[in-house]
Amino acid sequence: MPEPSLTGEPPSKKSVHHDFIDQVHINRDRSHIRTCDRLLQRIVAASQGYDWDVTGKAKALQQKGRVMSVTYTADFNLWIEKTAQLLRDRHWHEIDLEHLIEEIEDLGKSERRGVTSQLIRLLLHLLKWQYQPQRRSDSWLDSITDARTQISLAIEDSPSLKSYPAEQLEVSYQRARQQAAKQTGISLEVFPEACPYPLELVLAEDWLPEANSSS
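For the sequence shown, the working numbering begins at 37 and goes up steadily by one.
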């Protein structure tokens, strides 16, 4: 409100107008401050795993994340179903993020382990095919064919694994060599110390090694 004039005269219309405009500006600035304050509160809450409901009151969504964590331990299949639904619904703060990251990382490891396992299986049966020709069977041939198929399918699904068999060839061969010695009863020294097969032939659809001359 305008202050009374020292002369006792009423304030002019111009003065009253200016004071009114000043008050409007002050109220508007206060409104902006309140708006900015609420926005800051929302940002801080979101960074701490909270969300805000329509009334502007914080909701503790971290509790829901803890519930999902318990579900992970108690019922893994149910956890998968609920996590998939939360992702579809974009309920990010309700997701059990820690276990989800672990599962994604384990999925990549599982794919690589699968390729390695099939490569060991393939090399094992190639060694048996070569060093025990008298015991060759359709089941050995089926194992060789299936191992190649499984490796091929894994690479089709995840092209980034294309170089992985080459990286694992020698390590996989050493394990296959150990298993071949145990399963055949042939001395470990009989099998070559390094993989005798080029990877291209190992993975080739119709290739089989010739019988070992000393067999």
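C-beta atoms are modelled at their ideal positions from N, C-alpha and C, and glycine is treated no differently. Only a predicted model underlies this, so the values are computations on that prediction, with no experimental measurement involved.
Asked                                                                                                                        : Found
Top-ranked residue by Cα proximity to Ser158, from Asn248, Glu225 and Glu206                                                 : A small correction: the amino acid at residue 158 is Leu; Ser does not occupy that position in the sequence shown. Nearest of Asn248, Glu225 and Glu206 to Leu158, Cα basis: Glu206.
Ala110 versus Met104: straight-line alpha-carbon distance, rounded                                                           : 10 Å
Bounding residues of the alpha helix (DSSP H) (the contiguous stretch that carries Ile180)                                   : Asp174 to Asp193
Reduced DSSP secondary structure (H/G/I, E/B, other) of Ser83                                                                : Residue placement at Ser83 is flagged as unreliable, the pLDDT there being 47, under the threshold of 50; the coordinate-derived value follows with that caveat. In this structure, Ser83 counts as helix in the three-state DSSP scheme.
Cβ-Cβ separation, Gln166 to Thr220 (assumed contact under 8 Å), whole Å                                                      : The Cβ separation is near 11 Å, so there is no contact.
C-beta contact flag for Gln214 and Ile187 at 8 Å                                                                             : no
Distance between Ser223 and Asp242 (C-alpha atoms, nearest Å)                                                                : 28 Å
Buried versus exposed, by CB contacts within 10 Å (16 or more), Ser199                                                       : exposed
Spatial distance of Ile131 from Leu122 (CA atoms)                                                                            : 7 Å
Given Leu160 as reference, the closest of Phe112, Leu189 and Tyr209 once Cα atoms are compared                               : Tyr209
Buried versus exposed call for Ser179 [16 or more other C-beta atoms within 10 Å across all chains shown]                    : buried
Endpoints, alpha helix (DSSP H) assigned at Gln219                                                                           : Tyr200 to Thr220
Backbone CA spacing between Phe227 and Val238 [nearest angstrom]                                                             : 16 Å
Spatial neighbours of Leu162 in its chain, beta-carbon cut-off 6 Å, leaving aside the 5 residues before and after            : Pro245
8 Å Cβ shell around Leu197 - same chain, five flanking residues per side excluded                                            : Glu147, Arg148, Val151, Ala190 and Ile191
Integer Cβ distance of His135 from Tyr108, believed to fall under 8 Å                                                        : 5 Å
Counted within 10 angstroms of its Cβ, other Cβ atoms place Ala183 as buried (16 or more) or exposed                         : buried
Same chain, Cβ closer than 8 Å to Trp115, neighbours up to 5 away in sequence not counted                                    : Met104, Thr107, Tyr108, Asp132 and His135
First and last residue of the uninterrupted alpha helix (DSSP H) at Gln121                                                   : Phe112 to Asp125
Chain-order list of residues whose beta-carbon lies under 8 Å from that of Thr119 (same chain, five-residue window excluded) : Met104, Ile131, Asp132 and Leu136
DSSP three-state assignment for Trp128, whether helix, strand or coil                                                        : helix
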